[in-house]
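In this note's numbering, the protein residues as written are 1264 to 1589. For each residue, glycine too, the CB sits at the ideal point set by N, CA and C. Source: prediction; values computed, not measured. A quick write-up on the structure given underneath.
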Amino acid sequence: MESLRLELQKKILSITPHSFDAIALEVFHFQYQNNKFYRNWVDLLGIEIKQINTIEKIPFLPIGFFKSHIIKSLDWVEEKVFTSSGTTGAITSRHFVRSLDWYKQISKIGFEQYYGDLKDFEFYALLPSYLEREGSSLVKMLADFIEISGNKGGFYLYNHEELLSEISNASKKQKILVGVTYALLDLAEKVTDLSKCTVMETGGMKGKRKEMIREDVHDVLCKGLKLNDIHSEYGMTELLSQAYSKGAGIFECTKTMKVLVREATDPLEILPNNKSGLINIIDLGNLDTCSFIATDDIGIVRNDQTFRVLGRMDGADIRGCNLMVS
């Protein structure tokens, strides 16, 4: 089975839109055979495996199981455990990672698909809540990006003056500031001109500010930072792939990821485009755990396969990455 895993890794790294569905089905059968917990879940649903011949028929594992179980395909010792932020006293998700190098490859492929060579960028990270705890996948990703780029950049807590001084230094490299939402709002109150920098928000309010809808957040940031658009990153502890938005909260999946929307009252029913429901994510980066995740996020897939995140299901855990829906 290890040889099959290596073969699937090669296919995933060279994946195209045309080959995605076929590879996803191969990954499903690999994980059904080698992930005991996922296999038990699928069997409990009473689904005939031979009938799963399209990605829409694949059963998606509820994301909450990452809080209560160790999710692995095959038997291996983890190199790292990513953990979610959550709220005080809450049970957090745990994503056991077999290979940090694999995570680096997946996140690099995804970023470069939409933004270009990492070496052309300087990365600045304003992520106080993430840096003040262990196990953040976002911190690991950005540390990898800074290392690969070989350029200036770094992590910042609350030292806004130092951050702004570094960003304002003359450089031919493109500059990206990735910030947790509430920290970017704090920065915007200083009425700072970051018009020559790409600003990417992620992570929500972390209980530090009153929740706001994404449109209002972006409006405040654009005015305060002198920007036309705010970029966003959509990721979570349970995923190794990310989606990116270059404005208006419209996300594009990277090549190792696809989003479907399911009916809230029937988790096995996949909805057509332009119908809102709960987001299912295929993340082929999760080859060693589970690639088929049923999230608690509400969203809609558009005809061009971009998607919007509209909010969270009533009764779902409040996650650190939440932005309210109006």
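| Check | Outcome |
| --- | --- |
| Terminal residues of the alpha helix (DSSP H) in which S1428 lies | 1423-1431 |
| Proximity to S1362 [Cα-Cα], best of N1491, R1575, W1339 | W1339 |
| L1480 versus G1373 - alpha carbon distance | Just to set this straight, residue 1480 is Val in the shown sequence, not Leu. Distance between the alpha carbons of V1480 and G1373 is about 25 Å. |
| Three-state class that DSSP yields for N1298 in the structure shown | coil |
| Buried versus exposed call for T1528 [16 or more other C-beta atoms within 10 Å across all chains shown] | exposed |
| Per-residue DSSP class, three states only, for R1582 | Residue placement at R1582 is flagged as unreliable, the pLDDT there being 45, under the threshold of 50; the coordinate-derived value follows with that caveat. R1582: coil per DSSP, three-state reduction. |
| As assigned by DSSP and simplified to three states, the class of R1268 | helix |
| Every unbroken alpha helix (DSSP H) inside the region 1334-1419 [4 residues or more] | 1363-1378, 1391-1394, 1400-1412 |
| Other residues of its chain near I1326: CB distance less than 7 Å, five sequence neighbours each side excluded | E1501, I1556, A1557, T1558, D1559 |
| Where E1311 falls: helix, strand or coil (DSSP) | coil |
| Sequence-distant residues of the same chain with beta carbon closer than 7 Å to K1335, five excluded per side | N1298, F1359, D1551, T1552 |
| Residues near I1312 in its chain [Cβ-Cβ closer than 7 Å; skip 5 each side] | Y1295 |
| Coarse secondary structure for K1320, derived from DSSP in three states | helix |
| Touching by the beta-carbon criterion (3+ pairs, under 8 Å), the region 1385-1393 and the region 1440-1447 | yes |
| DSSP state of F1570 mapped onto helix, strand, coil | strand |
| Buried/exposed call for Y1393, threshold 16 Cβ in 10 Å | buried |
| Start and end residues, alpha helix (DSSP H) containing G1548 | Element bounds for G1548: n/a, residue is neither H nor E. |
| E1319 to T1455 span [Cα, whole Å] | 46 Å |
| Alpha-carbon spacing of L1586 relative to A1511, whole angstroms | With a pLDDT of 42 at L1586, under the threshold of 50, the modelled position of that residue is not reliable, and the figure given next carries that caveat. Cα-Cα distance, rounded: 14 Å. |
| Beta-carbon proximity of T1519 to I1278, cut-off 8 Å | yes |
| L1440 versus L1308: straight-line alpha-carbon distance, rounded | 44 Å |
| Opening and closing residue of the alpha helix (DSSP H) in which D1449 lies | 1444-1451 |
| DSSP bridge partner residues for L1490 (one or two, in chain order) | Partner(s): none; L1490 has no beta bridge. |
| Residue burial classification, I1464 (beta-carbon count within 10 angstroms, cutoff 16) | For the sequence presented, residue 1464 should be read as Glu rather than Ile. That one is buried. |
| Coil, strand or helix - R1477 by DSSP | helix |
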